[in-house]
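Each residue of the first sequence is one higher than the last, beginning at 36 in the numbering used here.
One structure is given here, and the rest of the page talks about it.
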Amino acid sequence: MKLLVREVIDETLAALKAAGTLSFEAVPSYNIEVPKNLEHGDWSCNVAMVMSKAAGKKPGDIADAIIKGLVDRKSIVVSVEKAGPGFLNFRIKDAVFQAVAREVLKAGKTFGRSQPKSTGKKMLVEFVSANPTGPVHIGHARGAFMGDAISRLLDAAGHDVTREFYINDAGNQVETLGKTVYKRYQQLYGATVELAEGEYPAEYVIEIAKTWKAEVGDAFLAKPQAEWLPAAIAVGIRENLKAIRATLAKAGISHDTFFSEASLHASGKVKSIVDVYKARGVTYEATEGKRREKGEKVRSEDSNAAKFADRQLGGTFLMTATYKENEKYVLKDEEDRIILRADGTPVYLTADLAYHKEKFDRGYDLMVDVFGADHAGHVPRIQSGMTLLGFEPKKLQFVLVQMMRIVRGAEEVKVSKRKGTLFELSDLIDEAGADVCRFIFLMKTANAQFDFDLDAVKTQSKENPVFYFQYGHARCASVLKKAIEKGVPFVGAEALTEAQLGKLVLPEEKAMLKKMSLLGDVVTGAAEKLEPHHVLYYCQELIADFHSYYTKYKSDPIVSADVEKTQGRLAMVAALKHTLASAFGILGIEAPEHMEAPPEED
RNA sequence: GCGCUCAUAGCUCAGCUGGAUAGAGCAUCGGCCUUCGAAGCCGAGGGUCGGGGGUUCGAAUCCCUCUGAGCGCGCCA
């Protein structure tokens with residue numbers, strides 16, 4: 036619908052240019068939007084203001100010229116008015132609104148998704164990537180739902196999306212896991228061994244040890260560490276990943292690929308990326324960490340840098356901050372980073388650089404990393420590292436999910452892996468429901484922190500907005516069901532006549548049809564910005580419109596004795612139902628046909 | 001000390017690439033169930049968009065600065 040208005044404007048401008056009325060190089064990008072104020076017409080356009088400079092005329096004069104020379108080949112316009120500082124306000128014929136219903140019905144549940152279905156662009160979204168040392172906990176939840184919704188959004192926008200989980204199965208943490216598993220295993224055989232500081236005290240490790248015992252019996256009890264440790268690590272990772280997948284499945288999330296950090300080491304890709312950097316001349320050897328010059332106070336005394344200073348023995352550094360051969364390298368890192376220790380072993384960053392190189396090598400048009408905000412410092416290093424490999428850094432985008440406080444009412448809930456006081460995502464979903472959790476996280480932009488109130492999400496109250504959404508869809512379903520009961524079922528898109536559609540003339544009906552026509556724009560925009568919440572707020576508006584309409588016209592109901600009008604309205608309700616179902620699918624929440632009555636309260 | 005992310009109604013948050021009178025939910029108060037689902041609707045109150053400067057036809061939005069909050073600043077991962 037919006038495209039039709041754009042067509043009119045573009046053709047008018049072209050005609051005015053050809054006639055010499057207006058002279059300009061190119062039409063700058065302008066907006067066509069839904070005015071907030073009904074008096075401002077059906078669609079409002081700022082083109083006259085935007086092109087004021089390019090055309091060398093006042094906005095008002097340009098607007099006048101457009102109105103005077105309007106080219107409306109398809110005859111969709113009722114009137115155009117100049118208003119305010121130079122807005123063009125269009126009123127459009129009812130038939131154009133009514134056509135939206137038919138269009139939606141034709142597209143069905145795929146309405147709003149990209150047409151054509153594929154843009155041919157390959158995209159990778161990496162998210163969750165929880166360490167395989169324990170279950171998915173509440174701290175992962177936001178990034179998990181966000182990454183999933185972004186994936187769904189990119190998919191809806193027509194891109195070819197791969198969802199990836201990066202498994203940090205190398206390094207100290209998994210080694211600690213292996214040691215903990217082994218101690219629990221020994222305990223199962225009656226040994227009195229204590230967990231050391233930093234080992235994982237939580238219950239799930241005991242379960243892993245039990246599983247292990249059931250599989251191998253006492254086979255590893257008398258073995259040396261060189262034998263039991265790799266086995267314990269392997270079983271630990273395997274079981275944790277199994278649990279992680281199960282939890283994610285419960286949350287409606289699944290990944291296409293699981294990429295192992297250990298496999299990078301095993302295949303030699305971590306070592307080889309260092310050689311690549313050396314060959315490109317972007318490394319140097321140093322005996323200690325490079326800091327910014329000038330001698331100003333760089334860090335506080337109690338920083339980790341100071342605390343671990345004795346471990347900083349020098350090694351191979353990557354010039355993530357200082358390399359400046361020419362201007363095409365825009366490096367944002369604060370300081371150069373070590374990629375090989377003095378003993379020649381790689382660090383975490385080295386593997387991560389190899390991992391991202393691997394992603395680039397796979398040939399994606401866009402790669403998205405969903406990170407927790409506590410990893411924000413990691414971003415410029417990777418960006419710099421990829422830039423130094425000659426990759427286009429814009430192809431790699433980061434969505435930083437801000438921290439949230441977990442609260443119960445007014446009280447903050449402390450969550451600590453170390454103390455074993457984990458709050459597992461799985462438990463949260465059991466208590467609150469997957470849709471509710473998902474909804475809470477998707478309502479907010481990623482980069483704003485917020486308080487997650489456990490009390491509020493667990494009650495089926497008004498503070499729990501997901502029900503409002505689902506009720507909107509269920510109500511559409513209910514109306515259609517009612518029509519069947521009354522013997523006037525909706526005839527369907529094919530049998531629907533223009534006369535029936537022609538009965539959709541109420542301003543509320545037109546407003547809803549107009550809004551429905553915008554789903555595709557909302558999806559495209561949200562996908563571009565990697566912000567799913569726009570889709571959610573769109574649904575909220577549409578549903579509010581429907582509830583309001585439904586209530587206002589109770590005395591002139593959708594299903595009435597007027598068969599023609601009934602069919603027209605049913606077409607709109609069916610279209611609305613499809614629109615909502617499609618949008619819900621993009622968000623990943625259920626679109627129920629029926630909902631149970633809420634618990635009684637007084 | 002430096003960097004990143006924020007600051008909008010009592011609370012939780014939207015506000016698209018600058019546009020017309022800054023929105024929604026919750027909470028509060030007042031109404032609406034004889035007819036398609038009241039998990040709903042209608043109405044009311046509630047705002048110096050953290051403060052101050054600047055850019056321009058026009059700023060919640062862009063720039064600078066100050067204040068306040070969270071996160072980060074390791075040869076851990």
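All C-beta atoms, glycine included, are put in the ideal place defined by N, C-alpha and C.
Since the structure is predicted, the reported quantities are computational estimates derived from the model, not experimental observations.
Boundaries of the beta strand (DSSP E) in which residue i is found, first to last residue
i    : result
F293 : 292-295
E116 : 112-118
Residue i to residue j span [Cα, whole Å]
i    : j    : result
Y217 : A267 : 6 Å
L48  : R108 : 14 Å
S149 : L615 : 16 Å
T586 : D580 : 10 Å
D462 : V240 : 17 Å
A53  : V570 : 40 Å
A483 : P542 : 37 Å
A626 : A89  : 48 Å
V43  : M36  : 11 Å
P500 : E533 : 37 Å
L423 : G379 : 21 Å
T246 : L548 : 57 Å
D597 : F504 : 30 Å
K214 : L264 : 7 Å
S617 : K429 : 30 Å
Y117 : L577 : Here the sequence assigns Lys to residue 117, which means Tyr is not the residue at that position. Those two C-alpha atoms are separated by around 28 Å.
Y358 : T318 : 9 Å
V251 : Y220 : 11 Å
A179 : L283 : 8 Å
L531 : V131 : 16 Å
E210 : Q260 : 11 Å
A184 : V405 : 11 Å
A281 : L401 : 28 Å
H413 : L435 : 11 Å
K564 : E232 : 43 Å
S64  : M84  : 11 Å
Residues sharing a beta bridge with residue i, DSSP
i    : result
V405 : V434
C80  : I67, L123
G350 : A321, R376
Y201 : F294
I14  : Because residue 14 is not part of the residues shown, which for the chain are 36 to 637, the question remains open.
D486 : R440
V160 : R198, V403
E459 : H172
P381 : L375
Of the listed residues the options, nearest to residue i (C-alpha basis)
i    : options                : result
G55  : E199, E42, I101        : I101
N124 : V115, V131, F132       : V115
E296 : L212, K479, K429, D204 : D204
T145 : M551, R604, Y584, A231 : M551
G169 : Y584, T227, E238, I475 : E238
A610 : V523, K521, I624, V514 : V514
Y364 : M421, Y390, E74        : M421
A165 : K392, V82, G182, I127  : G182
K103 : G147, V523, W78, L51   : L51
L212 : G522, T154, L276       : L276
Q418 : S595, F433, T227       : F433
Whether residue i touches residue j by CB criterion (8 Å)
i    : j    : result
A321 : F352 : yes
I243 : G225 : no
E466 : K493 : yes
F426 : H508 : no
L554 : Y573 : yes
T559 : A192 : yes
G350 : I373 : yes
L188 : A561 : yes
F525 : A606 : yes
E199 : L140 : no
I624 : D470 : yes
R443 : D490 : yes
For residue i, the first and last residue of its enclosing alpha helix (DSSP H)
i    : result
G620 : 598-622
A267 : 260-285
A512 : 501-520
E544 : 542-551
E630 : Checking the sequence shown, residue 630 turns out to be Met, not Glu. It is not in any alpha helix (DSSP H) - M630 carries neither H nor E in the DSSP assignment.
F476 : 469-477
R177 : 173-191
D129 : 129-142
L256 : Where L256 is concerned, there is no enclosing alpha helix (DSSP H), given that its DSSP letter is neither H nor E.
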